Each structure stands twice: as structure tokens, then as C-alpha cells.
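In C-alpha cells form, the structure reads like this:
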């Protein structure tokens, strides 16, 4: 049987209330018993001392205890009159204590000795004890005292019952009050799990639940943003795939209809579109492998500079054909050794140069420079217009933000991070994009 959180909280609060009420009731009972016992003992002692003083005067007047031994009724009248005079008790309620009088030798003079002796008070005459008043112990309480105690205990249990009922009401209200934001959060979580990423929770407090609601809202914002980026990403990928496919279809239909001949030149144009498709599919595959951590790296001691020179040499002809002037500035007679994967580093440089080639206007310029710093190789790739929008720069290496511009930069970030480096995009002084990379070198190898 499953119990709801509200029921568990109600039981917990009610249990705490019961424990507190019972503890207070028990402590009050014990304290009352002790206080009442001390009060009753003090009253009884004062009463016995008053009776002892009266007995001393009577002993002196009667010249002994004969007036009591010969008439027990005199003893009862004497005790009753003394008690009423002291307490102003109404007649008929009876004495509070059962007392007896013994002489100086311990012989019973009047009354009846209690089964359990509680206390003695001396009857003094001229500084000498002439007898003793003996009273019963605490267990021999008069019926009036016992009735008073019973009534107080019954009242105490009534108060405890009322306190328990109040505790149950407070527990119910508290559990509902504390459970309300949790239920709201549970409902919002179900909506979020169903794909309603616009769901938000009002933050009405600054406690842990309020902070949890704030974290939930941040999560919802992140999920909503990622969903929007995913949709944009899919739309851009579809655009990248659709464009070369449309060209291929149109060219092939033209050849099929005899509008265009299947000449080597036209076939090479088709082959170029196929290469574009293959490059895009390879980028997608590499990015997917990188996201799941399956992009393999075989790191060995590698000199970065020869790899960069080889990539620049391969792209120099394409840059010249596109009307882009390429300037390079690399350190001569130096090595930049790192523990890296030469294939992935070559892919890094190719992607950066391909990005420059695709997104630099004809007649523009591109610059590639690097310099050796303390245990790091610093590389700068810059080009001329067009420049990306400033708001696009922070997400320049996100695959969702790349869209139809390609996925190369997203893969570049993965490769740089896998080699322990950093990569950032800023506006270029040349009017286009500036990409700065820092790759760590082996100790003492930056020469």
C-alpha cells in the first residue's frame, strides 16, 4: 500500500505533536504531584505544630493526659476544634490527618497509631517533651485530597486531548501548506517531461523549495532553448542536404532529357556536388561520434607545424582560384611538439581553412599566423568580410548555431578540447572572423 507524501507529512507532524503533548502532560503531572505533596506536607506540619501547642496548654491546665485517656471523645473534639480553628474548614468534612498522641515514654495516650508513621511533632512544656503527635505517611491521604488530585488529573487529560486535537489540525494545515508547492512542481515536471518546455513555476519563497523552483525554471529555459536550436539545426541540415541534391537532380534530368550533354565537364560538376554531400555527411558523422565520445584519437608525439604547412599548401591553390589572397606567418626552423593525433589535427586545420574559403568574399584576404609561447602554440586564423553578427560569436562553435554555414567549426572545437587546448571566435581587424587557438606543447618542446 502506497502512502502519499501529504499523508506521511501529516503523520510526522501529528506524531511530533503527540509526543510534545504527552511529554508536557507527563511533566506537568509529575511536577504537580511533587508540588502538591510538598504543599500538603507543609500544611500538615504547621497544623500539627498548632495542635501540639494547644495540647501543651491543655496538659498544663489539666496537669497530665488523664483528661484524654479517660475520654476518647474529648480527643476527637479537641482535634476537630483545633483543625477547624486553623483551616476554617466546614464541619462534616472530617480532619485532614489521622493522628495519635503518645506520651514521653512512647505509650499511646489518644487516637490510633497509623500503619505507616510519617512524621512526629513534639509537644513541649517548659522546654521538655511531654508527648508526641504522630501522623501517617504520604500514602495515607484523606479522601478530600485524593478527590482533588483525581479532579486535577482528569482536567489534565482533557487539556491533553484538546492539545492533541489542535496538533492534528495544525499538522493537517502545515502538511497542506508545505505540500502545495511540491504538488505544483510535480505537475510542472510532468508537463515538462511531456514536451511543454514553456512551463514555469512561480517562485514565491526564498527557502530550499523556492531555490528548487528557480532551478526548475532554469532547466525549462535550457530545454526550451535546446529544442529551438535542435529544430533550427535539423532545418539547416535539411537545407545543406537539399541544395546539392536539387542540383544533382536537375543536372541529371537535364542530361536525361538531352538538354545537357553528359560531357566530362558536366560530370565533374556533378562530382563536385557529390563531394559536397560526402563532406557534409562526414562532418555529421564526426560530430555525432564526438558527442557520444566515440571519436577516436591516436595520440603520439607530433610536430604541429609540418601539419599546418601541409594544409596551407593544399588550400593555397583553391584560395587563389577563389580570388582570396592567403598570407601566412609561421616560425622557421622551430618545432611545436605535442601529444596529439596527426590525423585529427590535420582535420582541424582543413576545417578552419575550408570555413575561410567558403565564407570569404571573392577578392578578400585570409591570414594564418602562429607563434610559440610558454609551453603553448598560439594560432590565429583571420579573414575579411563578411563578418558574423556579434550575437552569433558566443555560439560560433555550436553545431546548432552553424546552420547552413557547415559543421566544421563545431568539429574543430571538439578536436581542440580533446588535445587540451582552447578555441575562441572574435571579430577580426580585417573585417571578418578571427579564430584564436591555443594548443599545449610538451614541456621544453616549443623551440
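Residue numbers (the working numbering): 6 to 452.
Positions of the beta carbon are idealized from the N, C-alpha and C atoms, including for glycine.
Every value quoted in this text rests on a predicted model; they were computed, and no experiment measured them.
Exercise for the section: With DSSP collapsed to three states, give me the class of residue 306. Expected result: strand
Exercise for the section: Rounded to whole angstroms, what's the CA-CA distance from residue 378 to residue 441? Just pull it up for me. Expected result: 14 Å
Practice task
Using beta-carbon positions only, say whether residue 109 and residue 136 come within less than 8 Å of one another.
Solution key: yes
Problem - residue 171 vs residue 139 beta-carbon contact at 8 Å - result: no
Handout entry: Test item: CB-CB of residue 425 and residue 359 under 8 Å
Key = no
Handout entry: Span separating the alpha-carbon of residue 427 from that of residue 365
Key = 24 Å
Practice task
Helix, strand or coil for residue 367, going by three-state DSSP, please let me know.
Solution key: coil
Practice task
To the nearest angstrom, report how far apart residue 286 and residue 212 are at their CA atoms.
Solution key: 50 Å
Practice task
Return the chain-ordered list of same chain residues with a C-beta closer than 6 Å to the C-beta of residue 429, the five sequence neighbours on each side being excluded.
Solution key: 441
Problem - Any 3 or more C-beta pairs closer than 8 Å across the stretch 22-39 and the stretch 64-77 - result: no
Practice task
May I ask you to list the residues that DSSP assigns as paired with residue 344?
Solution key: 306
Handout entry: Three or more C-beta pairs below 8 Å linking the stretch 215-234 and the stretch 191-202
Key = yes
Problem - CA nearest to the CA of residue 190, picked from 179, 344, 216 - result: 216
Practice task
Quick one: residues in its chain with C-beta nearer than 6 Å to the C-beta of residue 115, no 5 flanking neighbours on either side, listed in chain order?
Solution key: 73, 80, 106
Exercise for the section: Give the single residue among 312, 344, 397 whose Cα lies nearest to the Cα of residue 423. Expected result: 344
Handout entry: With 16 other Cβ atoms within 10 Å as the buried cut-off, status of residue 352
Key = buried
Handout entry: Straight-line gap, residue 376 to residue 336 (C-alpha atoms, nearest Å)
Key = 7 Å
Handout entry: DSSP-derived helix/strand/coil call for residue 122
Key = strand
Handout entry: Under 8 Å between C-beta atoms of residue 438 and residue 393
Key = yes
Practice task
Kindly indicate the opening and closing residues of the beta strand (DSSP E) around residue 429.
Solution key: 427-432
Problem - chain B within 8 Å of residue 84, Cβ atoms only - result: The structure shown contains no chain B; it holds only a single protein chain.
Handout entry: Between the CA atoms of residue 164 and residue 155 - distance to the nearest angstrom
Key = 14 Å
Problem - Under the three-state DSSP convention, the category residue 289 falls into - result: helix
Exercise for the section: Please report the residue range of the alpha helix (DSSP H) in which residue 73 lies. Expected result: 71-74
Practice task
Ignore the nearest five residues each way along the sequence and tell me which others in residue 275's own chain have a CB closer than 7 Å to its CB.
Solution key: 253, 256
Practice task
Compare the Cα-Cα distances from residue 388 to each of 436, 268, 354 and report the closest residue.
Solution key: 436
Handout entry: Inter-residue Cα distance where the pair is residue 15 and residue 209
Key = 23 Å
Practice task
Locate the alpha helix (DSSP H) running through residue 414, then write down its first and last residues.
Solution key: 413-423
Problem - Cβ pair residue 385, residue 341 closer than 8 Å - result: no
Handout entry: Whole-angstrom distance between residue 310 and residue 334, CA atom to CA atom
Key = 11 Å
Problem - Under the three-state DSSP convention, the category residue 195 falls into - result: helix
Handout entry: Element boundaries [beta strand (DSSP E), containing residue 443]
Key = 438-445
Handout entry: Pick from 204, 362, 123, 41 that is closest to residue 319, judged by C-alpha positions
Key = 362
Problem - Straight-line Cα distance separating residue 229 from residue 179 - result: 35 Å
Practice task
Assign residue 239 to buried or exposed, taking buried as 16 or more other Cβ atoms, counted over all protein chains shown, within 10 Å of its Cβ.
Solution key: exposed
Exercise for the section: Please report the residue range of the beta strand (DSSP E) in which residue 385 lies. Expected result: 381-388
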